[in-house]
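A short write-up of the structure that comes next.
Protein chains in written order, with our numbering: chain A, 1 to 165; chain B, 166 to 330.
Written out as structure tokens, the structure is:
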């Protein structure tokens, strides 16, 4: 697939999508959280992916620092793909997508949910602000430029209702 | 672009990506949160997108119930694209991606962040569990099947370290 890279965009969402935004990539990361490490384990969890697509996506995710590739057999040479710290930090993105999908695209109720290992209670996951301890609602916040923003982005944030619903 | 649909997958992440997983779609939603409604406003925020791609993606996002299309001019017929409730609920996904990108792909610090309108303090957004009031860490939870899971998914969840880092 041909597409314009998002790498030059001064936006943390675009930079993330430049790494994982290709078709299948996020589901490959999902499989890693389900325990997949070897090529055929990823294939088993994603039976519809073409093997050459899986190969390309895994390589891309290694380049993006989401996976580390370890050789686990010499003859023949075989590799497994292990989540890096950066890859493990993707967990909240996966669950945000799961929450949205459960809510809007699964009319018969949740497909998966999370259970607390200690209390055995089902989690109610949501985006919170550590400072207030409350839910992070778009109506209570505005986007501000950080130290890595450029002037174009600063103008955009000033001129528009910034990322507020 | 040709790709296999994720629509038949029993997985809330796949169902979400089936709606918004195409290249550019999530950045189009980002622009809506920055205030874009009209075609040329989306174009202005995403100068590298080809107009026919933008047209196709907007149509797809209307079909996916992320945007509602309103006619704002009759001669010529012109439309604007307004986030639905489903689209507004995408906000935590956008911010999860922003957090991940700020942390891992922006070596000079945050590109954007959120400021609380009342307290003027910068937010520290994170994924929390409403039940415990604490951060939702993969090590403290396991994935369980919900009412809409099928048998294949139930087997997968039982057999693997489910979505735990």
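A virtual CB, placed ideally from N, CA and C, is assigned to each residue, including glycine.
All of these numbers come straight from a predicted model, not from anything done at the bench.
Using a Cβ distance threshold of 8 Å, residue 98 of chain A and residue 294 of chain B do not count as a contacting pair. For residue 73 of chain A, there is no enclosing alpha helix (DSSP H); the residue is found in the beta strand (DSSP E) stretching over 67–73.
Using beta-carbon distances, residue 317 of chain B does not count as an interface residue toward chain A, since no partner is under 8 Å. The three-state reading of DSSP puts residue 312 of chain B in coil, since its state is none of H, G, I, E or B. Comparing alpha-carbon positions, the option among A/37, A/64, A/120, A/28 lying closest to residue 48 of chain A turns out to be A/28. Excluding its 5 nearest sequence neighbours in each direction, residue 175 of chain B has C-beta neighbours in its own chain below 8 Å: 313, 314, 315, 317, 318, listed in chain order. At the C-beta level, residue 197 of chain B and residue 274 of chain B stay beyond 8 Å of one another. With respect to residue 233 of chain B, residue 203 of chain B sits apart: the two C-beta atoms are not nearer than 8 Å.
By the C-beta density criterion, residue 143 of chain A is buried, having at least 16 other C-beta atoms within 10 angstroms. Within the stretch 8–65 of chain A, the runs of alpha helix (DSSP H) that reach at least 4 residues and sit entirely inside it are, in chain order, 12–20, 25–33, 39–45, 51–63. Using a Cβ distance threshold of 8 Å, residue 270 of chain B and residue 16 of chain A count as a contacting pair.
If you draw a straight line from the Cα of residue 102 of chain A to the Cα of residue 183 of chain B, it is about 13 Å long. Residue 51 of chain A does not reach chain B, its nearest Cβ partner there being about 13 Å away, counting only Cβ pairs nearer than 8 Å. For the set B/321, B/185, B/305, the Cα lying nearest the Cα of residue 91 of chain A is the one of B/305.
With its beta carbon at least 8 Å from every one in chain A, residue 219 of chain B lies outside the interface. In the three-state DSSP reduction, residue 129 of chain A falls in the strand class (E or B). The C-alpha of residue 52 of chain A is placed about 14 Å away from the C-alpha of residue 61 of chain A.
Per the C-alpha coordinates, the member of A/94, A/43, A/66 positioned closest to residue 85 of chain A is A/66. Per DSSP, residue 116 of chain A is one residue of the beta strand (DSSP E) stretching across 112–116.
For residue 258 of chain B, the uninterrupted alpha helix (DSSP H) segment begins and ends at 256–270. Scanning its chain for C-beta atoms nearer than 8 Å, with the 5 sequence neighbours on each side dropped, one finds around residue 5 of chain A the residues 18, in chain order.
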